[in-house]
Amino acid sequence: MMMGRFQFLLACALALLSSSITSAETVEHFFHVQNLTVQRLCHEQVITTVNGTLPGPVISVREGDDLVIHVVNQSPYNITIHWHGVFQLLSAWADGPSYVTQCPIRPGQTYAYRFKITGQEGTLWWHAHVSWLRATVYGALIIKPRFGNFYQFPSPYEEFPILLGEYWDANVVDVENQGLATGAAPNISDAFTINGQPGDLYPCSQTGTYKLEVIQGKTYMLRIINAALNNQLFFKIANHKMKVVAIDAAYTAPYVTDVIVLSPGQTTDVLFTADQPVGSYYMAARPYITAQGIPFDNTTASGIIVYRDAKSLATPIMPALPAFNDTPTAYKFYSNLTGFPLGPHWVPVPRQVDEHMFITFGINLAPCGEGSAACAGPFGQRLSASMNNESFQLPSKLSMLQAFFYNNKSGVYTTDFPDNPPSVFDYTNSSNAFNQSMLFAPKSTKVRTLKFGSIVEIVLQNTALIATESHPIHFHGFNFHVLAQGFGNYDSVKDPRKFNLVNPQMRNTIAVPTGGWAVIRFTAKNPGIWMVHCHLDVHLPWGLGMAFEVENGPYSTLPPPPNDLPKC
């Protein structure tokens with residue numbers, strides 16, 4: 000009897016393994032990174048793109064597939080590509096952040112990223128992870144269920160990626176370098192875009208406006224990605240409701256809304272039904288801004304949803320977008336999303352916490368430099384940023400992952416990133432904004448070491464130093480559960496009572512509420528060096544980041560680097 004049962008289970012296991020192997024494929028692409036002259040906002044501008052398109056090519060795979068992406072750098076700039084949200088289980092060499100997991104691909108060089116998509120379904124994306132090049136070097140990464148598996152909602156009639164971007168009528172590398180040279184914030188963007196086009200609310204943009212044709216009565220899925228560099232964005236479709244079904248390639252409980260908001264780096268999958276009278280309807284995106292008194296791009300990108308048989312000259316209906324500072328609407332959306340425990344790839348919340356961390360972050364100052372004229376930041380100093388008062392600085396001679404693998408950390412990074420800020424203060428009290436005794440943070444390259452399999456809980460606490468704002472924090476290599484979020488200073492006695500330990504949303508990027516906090520929890524089950532940073536590109540070069548060093552496990556060891564890994 001026992002032998003028969005064993006043979007039955009073995010047969011089932013072999014059948015499942017066979018199915019898994021036969022259903023997976025290797026998907027291969029070539030990315031030619033090159034300059035391109037485009038016409039936008041009444042001017043010609045040279046931008047850097049992949050394969051000559053903005054956005055770049057859509058990569059469509061199924062869960063379990065292997066990806067091979069050959070990056071051929073024909074641009075004048077160093078380049079790396081980050082596969083935003085991909086777990087990279089035992090493939091940390093393919094994660095992409097420059098000088099963290101690899102040295103950059105230099106002009107004229109080629110590098111092949113190789114990794115497997117495991118345990119994820121939904122919408123992710125890819126982008127450059129060197130300087131500000133991701134302003135135009137980005138595209139969608141769509142992960143569909145394995146053959147034989149299905150969505151956790153009725154299949155839509157059609158699917159469309161909607162990439163929200165940010166456009167400068169200038170060379171973005173020069174924009175960043177000018178800001179870094181002066182010590183001030185860089186120039187703001189000139190437009191927002193939907194699938195690479197600003198839309199007809201901008202000058203000289205009517206002919207290129209993105210249009211989406213729909214059939215009355217059909218249901219469609221929009222895979223919405225915020226690829227903007229420095230702005231959270233509200234998104235609406237005139238007179239249509241949307242049903243959120245996934246965020247950051249993790250299923251959610253269905254949530255119906257007429258507006259969504261995404262921070263840079265986040266994705267949201269929504270269903271909408273073309274249930275309105277035949278006509279034309281704008282989809283529109285405008286910024287959600289939380290910092291007061293700071294210049295921002297107060298413009299609106301648009302695309303048009305056109306019903307089949309609509310009159311071609313009909314004026315599209317415009318949605319009523321939230322005010323740019325509508326924090327209640329943004330918070331309602333962010334905090335009302337929950338996970339979907341009945342779906343595939345759901346991970347229950349781990350209950351036993353091994354490591355507790357409290358990480359504060361915000362804007363700081365750095366000395367202007369001896370012999371320099373006064374910088375353009377506050378008090379004549381240079382703008383900076385930090386986590387727990389450590390301002391992250393990338394190495395330049397060796398990637399951090401190489402130092403980890405070869406145990407050659409000296410001069411590359413140290414393992415003493417603090418679990419708590421150096422002092423306790425009223426973090427979100429704006430009266431501290433320009434208290435110079437609190438504004439300066441030392442530059443360092445520090446990581447926090449985690450044992451393989453440890454459960455980590457982190458309080459992410461915004462501060463009011465220099466400016467009170469919402470910061471989108473992105474974790475490489477992991478999803479995390481969002482247990483709770485709120486405004487003001489985190490209360491370690493009262494706020495744990497708000498924890499959702501049953502069906503919290505799962506993300507890789509969280510917009511920590513302006514002047515507030517969020518608590519997340521994850522399992523460190525992926526060996527390597529994994530960056531954690533603000534996904535506002537204006538803040539990352541200033542130092543708003545850190546990294547985790549996850550040790551090898553007993554049966555989970557980081558493999559050697561690929562032979563074609565770029566040299567420093």
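Read in order, the letters of the sequence shown are residues 0 to 567 in numbering that gives the first Met the number 0.
Glycine residues also receive a C-beta, built at the ideal position from the N, C-alpha and C atoms.
Handout entry: Where Pro286 sits in the DSSP three-state scheme
Key = strand
Exercise for the section: Could you please give me the residues that DSSP links to Ile68 through a beta bridge? Expected result: His28, Tyr112
Exercise for the section: Determine the contact status of Val511 and Asn551, defining contact as a CB-CB distance below 8 Å. Expected result: no
Exercise for the section: Please name the residue, chosen from Asn148, Val277, Val260, that lies closest to Pro286 on a Cα-to-Cα basis. Expected result: Val260
Handout entry: Rounded separation between Gly121 and Gly178 - CA only
Key = 36 Å
Exercise for the section: For His42, collect the residues of the same chain with a Cβ closer than 7 Å to its Cβ; drop the 5 residues on either side in sequence, then sort them by chain order. Expected result: Asp168
Exercise for the section: Assuming Asn419 and Asn387 form a contact by the criterion Cβ under 8 Å, report the distance between their Cβ atoms to the nearest whole angstrom. Expected result: 7 Å
Handout entry: Beta-carbon proximity list for Gln151, same chain, < 6 Å, skipping 5 on both sides
Key = Tyr250, Gly342
Practice task
Taking 8 Å as the threshold, find out whether the region 189-209 comes into contact with the region 27-44 through three or more Cβ pairs.
Solution key: yes
Practice task
Please report how far the alpha carbon of Ile288 lies from the alpha carbon of Ser385, in whole angstroms.
Solution key: 21 Å
Practice task
Name the two residues that bound the continuous beta strand (DSSP E) containing Ala402.
Solution key: Per DSSP, Ala402 belongs to no beta strand (DSSP E); it is in the alpha helix (DSSP H), 399-404.
Practice task
Would you check if the region 258-274 and the region 471-484 touch, i.e. whether three or more CB-CB distances between them fall below 8 Å?
Solution key: yes
Practice task
Give the single residue among Trp92, Pro366, Val37 whose Cα lies nearest to the Cα of Lys442.
Solution key: Pro366
Handout entry: Span separating the alpha-carbon of Ile193 from that of Ala283
Key = 8 Å
Practice task
Return yes when the Cβ of Ala111 is within less than 8 Å of the Cβ of His69, no when it is not.
Solution key: yes
Problem - Same chain, Cβ closer than 7 Å to Ala227, five either side skipped, listed in chain order - result: Leu163, Gly164, Glu165, Phe191, Pro263
Practice task
Go to Val305, then tell me how far its beta strand (DSSP E) extends in each direction, as first and last residue.
Solution key: 300-306
Practice task
Output the distance between the C-alpha atoms of Ser555 and Ala290, rounded to the nearest integer angstrom.
Solution key: 43 Å
Practice task
Check Ser436 in the structure and name its three-state DSSP category.
Solution key: helix
Problem - Cβ contact check for the region 137-146 and the region 329-340: 3 or more pairs under 8 Å - result: no
Practice task
Take Lys235 as the anchor and find which of Trp131, Pro421, Val269 has the nearest alpha-carbon.
Solution key: Val269
Problem - Per-residue DSSP class, three states only, for Glu175 - result: helix
Practice task
Return the first residue and the last residue of the alpha helix (DSSP H) that Tyr333 is part of.
Solution key: 326-335
Handout entry: Close-in-space but distant-in-sequence residues of the same chain around Gln392 (CB under 6 Å, 5 per side omitted)
Key = Lys442, Thr444
Exercise for the section: Report the rounded CA-to-CA distance for Asn238 versus Tyr280, giving the unit in angstroms. Expected result: 8 Å
Problem - Proximal residues to Leu557 (C-beta, below 7 Å), its chain only, five neighbours per side dropped - result: Leu89, Ala91, Phe404, Pro526, Gly527, Asn551
Exercise for the section: Check whether the Cβ atoms of Val129 and Tyr76 lie closer than 8 Å to each other. Expected result: yes
Practice task
Closer than 8 Å by C-beta to Asn186: which residues in its own chain qualify, once you throw out the five before and the five after it? Chain order, please.
Solution key: Trp167, Ala169, Val174, Gln177, Gly178
Handout entry: Within-8 Å CB hit, Asn434 to chain C
Key = Of the protein chains in the structure, only one exists, and it is not chain C.
Handout entry: Which residues DSSP lists as bridging Asn502, in chain order
Key = Paired residues: none, contrary to the question.
Handout entry: Option in Lys240, Thr326, Val171 with minimal Cα separation from Gly515
Key = Thr326
Exercise for the section: Kindly indicate which residue of Gly292, Lys408, Val255 has the alpha-carbon position closest to the one of Val99. Expected result: Lys408
Handout entry: Residue interval of the beta strand (DSSP E) (run including Lys210)
Key = 210-213
Problem - Nearest-angstrom Cα separation, counted from Gly138 out to Trp82 - result: 10 Å
Practice task
Could you check if Asn229 is buried or exposed, using at least 16 other CB atoms within 10 Å of its CB as the buried criterion?
Solution key: buried
Exercise for the section: Keeping to the same chain, check which residues put their C-beta closer than 6 Å to that of His355; ignore five residues upstream and five downstream. Expected result: Glu456
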